[in-house]
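Everything on this sheet refers to the single structure shown next.
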Amino acid sequence: MNKLTEAELQFITDMGIHTQGYGFSRIAGQIIAALIISDAPLNTADLMSLLEISKGSVSTNIRFLEMLQLVERRALPGKRQNYFVMRTNPYDSLLELKIKQHEEAKKIITEAKASIKNSKAQEKITELERFNTLYDESVKKLLLELKSER
Numbered sequence: 000m001n002k003l004t005e006a007e008l009q010f011i012t013d014m015g016i017h018t019q020g021y022g023f024s025r026i027a028g029q030i031i032a033a034l035i036i037s038d039a040p041l042n043t044a045d046l047m048s049l050l051e052i053s054k055g056s057v058s059t060n061i062r063f064l065e066m067l068q069l070v071e072r073r074a075l076p077g078k079r080q081n082y083f084v085m086r087t088n089p090y091d092s093l094l095e096l097k098i099k100q101h102e103e104a105k106k107i108i109t110e111a112k113a114s115i116k117n118s119k120a121q122e123k124i125t126e127l128e129r130f131n132t133l134y135d136e137s138v139k140k141l142l143l144e145l146k147s148e149r
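Numbering-wise, the sequence shown is residues 0 to 149 according to numbering that gives the first Met the number 0.
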């Protein structure tokens with residue numbers, strides 16, 4: 000990877016901090032940023048050097064990002080190590096994961112609404128149900144919008 004500009008280094012730092020707010024590790028956010036700005040696939044050694052992190056940290060965070068379907072592993076001809084790139088349309092995967100999580104939440108909320116009789120709790124459960132419905136609808140709309148732009 001070529002020497003990074005100040006702006007690129009700042010982007011990597013900022014993404015690391017920002018993604019912590021979503022429950023990601025700082026390193027996962029930094030890896031995402033590095034892969035976004037890189038013109039070529041990066042291998043473990045590239046990420047270790049660029050981010051000044053251990054091989055274990057790269058491995059752990061790459062597996063996490065692969066599980067979220069944000070990053071994919073590639074083999075390059077004549078190279079023995081794995082290389083990593085951002086997947087095509089990676090943000091679709093994040094939205095699809097959120098939709099799945101909210102479908103699971105809907106089941107939990109429905110069961111709670113049917114079984115909990117306390118009226119104050121029922122009010123709060125109804126409020127949670129409304130939030131979940133609106134959130135789910137907005138995420139589905141966003142996913143459709145992203146897909147329609149391609």
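The C-beta atom is built at its ideal place from N, Cα and C for all residues, glycine as well.
Here's the rule I'm using: 16 or more other beta-carbon atoms within 10 Å means buried, otherwise exposed. How should Met14 be labelled? buried
Closest to Tyr82 by C-alpha separation, out of Arg72, Asp91, Asn1, would be which residue? Arg72
Quick check on the burial criterion: 16 or more other C-beta atoms within 10 angstroms. Buried or exposed for Leu133? exposed
Evaluate the contact criterion for the segment 75-91 versus the segment 31-43: three or more CB pairs, one atom per stretch, below 8 angstroms. yes
Using the C-alpha atoms, what's the distance from Leu142 back to Tyr90? 9 angstroms
Residue(s) in a DSSP beta bridge with Ala74: Asn81
Work out the CA separation of Gln19 and Ala104 for me, nearest whole Å. Looking at the two C-alpha atoms, the distance is approximately 23 angstroms.
Can you give me the C-alpha to C-alpha distance between Ile56 and Ile107, rounded to a whole angstrom? A small correction: the amino acid at residue 56 is Ser; Ile does not occupy that position in the sequence shown. One C-alpha to the other measures close to 35 angstroms.
Nearest CA to the CA of Ala74: which residue from Ala39, Ile26, Gln100? Ala39
Between Lys112 and the rest of its own chain, which residues show a CB-CB distance below 6 angstroms, the 5 nearest in sequence each way excluded? Ile124
Identity of the residues DSSP links to Asn42 by a beta bridge: Tyr82
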